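Below is one structure, written out as structure tokens; the observations come after it.
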Amino acid sequence: MLVSFEHVSLRYPCGRTVLDDINLALMPGLFYFLTGASGAGKSSLLRLIYQMEKPSAGRVTLFDRDTAQLYRHEYPALRRRLGIVFQDFRLVPHLSALENAALPLRLAGAERLDVEQHVKELLQWVGLGDRLHALPSELSGGEQQRVSIARAIVNKPRLLLADEPTGNVDDESAQKLMHLFLELNKMGTTVIFATHQKDLVRRYAKPILRLRGGRLITAREEAA
Ligand SMILES: Nc1ncnc2c1ncn2[C@@H]1O[C@H](COP(=O)(O)OP(=O)(O)O)[C@@H](O)[C@H]1O
Ligand SMILES: [Mg+2]
């Protein structure tokens with residue numbers, strides 16, 4: 274099991290319960306959609322997996338480890354097995370597209386020259402081969418999103434968490450990005466793709482995790 278939630282709830286300090294008794298078990302190698310209206314808790318659920326948030330109740334298991342038992346010094350190694358595309362990109366403003374995408378490798382200790390070719394190829398793959406030296410402020414929203422996607426996958430993560438990665442691009446670019454994620458998945462990366470875009474979810478026959486009212490609802494409840 275790659276990720277499992279057992280009776281997981283998340284309550285923010287303001288007292289608001291955002292996730293309520295969530296149970297799930299994600300298998301390695303699959304592509305999952307995580308859907309639900311804006312405010313349904315998609316980003317919160319991804320933050321629980323990425324260890325940016327602790328559950329108020331229940332157990333989150335990641336790579337067969339109970340995350341409540343993790344020591345702080347184990348986080349970096351754990352996060353190297355995860356890739357995350359944040360909804361708001363979170364690029365470093367004074368670094369170029371190339372340097373931003375290379376950051377996880379550099380933080381893991383790789384030398385600049387060793388990683389440069391690999392990162393260039395990755396940026397070409399996401400269609401940014403001619404924007405390598407641009408700063409985030411010189412890139413459009415869609416281009417910044419693609420830099421953040423390159424950064425998320427540069428480490429070849431086992432699990433990729435993508436938070437509305439097609440939220441800032443037109444329909445055609447969204448389709449192209451979707452194909453990148455599907456290709457990555459074919460190469461073995463498990464993907465959790467959060468989106469509120471129903472048309473996107475309908476177009477691909479992939480398992481769906483659907484949030485509503487803080488609960489994960491099943492296909493049967495959906496039909497009812
Ligand atoms: N840090 C926080 N503190 C308090 N409430 C939050 C926080 N982050 C998100 N929320 C609230 O939790 C709910 C779910 O948010 P979020 O997980 O961002 O949903 P989604 O990604 O599905 O749009 C929203 O009502 C949001 O306002
Ligand atoms: Mg969100």
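Add 273 to the 1-based position in the sequence shown for this note's numbering, that's all there is to it. Backbone N, C-alpha and C fix where the C-beta goes; we use that ideal spot for every residue, glycine too. Since this is a predicted model, take the numbers as computed values, not measurements.
_Looking at the strands, I want to know which residues DSSP matches up with tyrosine 305._
Ile465
_Let me confirm a value: asparagine 373 is counted as buried when at least 16 other C-beta atoms fall within 10 Å, else exposed. Which label applies?_
buried
*Of all residues in the structure, which have a C-beta closer than 6 Å to any heavy atom of ligand 1, taken in chain order?*
Tyr285, Cys287, Arg289, Val291, Gly309, Ser311, Gly312, Ala313, Gly314, Lys315, Ser316 and Ser317
*asked:* Could you check whether tyrosine 323 and leucine 355 sit closer than 8 Å to each other, using their CB atoms as the reference points?
replied: yes
_Endpoints, the alpha helix (DSSP H) within which arginine 485 is located_ = Arginine 485 -> not in any alpha helix (DSSP H); beta strand (DSSP E) instead, spanning 481-485.
*Tell whether a beta-carbon distance below 8 Å holds between arginine 379 and valine 388.*
yes
_Does the beta-carbon of glutamine 397, which I'm using as the reference point, lie nearer than 7 Å to any heavy atom of ligand 3?_
Absence of ligand 3 from the depicted structure is noted, with ligand 1 and ligand 2 being the only ligands included.
*If I'm right that valine 291 touches leucine 283 with Cβ under 8 Å, what's the distance once you round it to whole angstroms?*
5 Å
*Once you ignore the five residues that flank phenylalanine 362 on each side, which residues in its own chain have a CB closer than 7 Å to its CB?*
Gln417, Gln418 and Ser421
*Candidates Lys327, Pro480 and Lys315: closest to leucine 299 by CA position*: Pro480
_Spatial distance of leucine 453 from lysine 459 (CA atoms)_ = 10 Å
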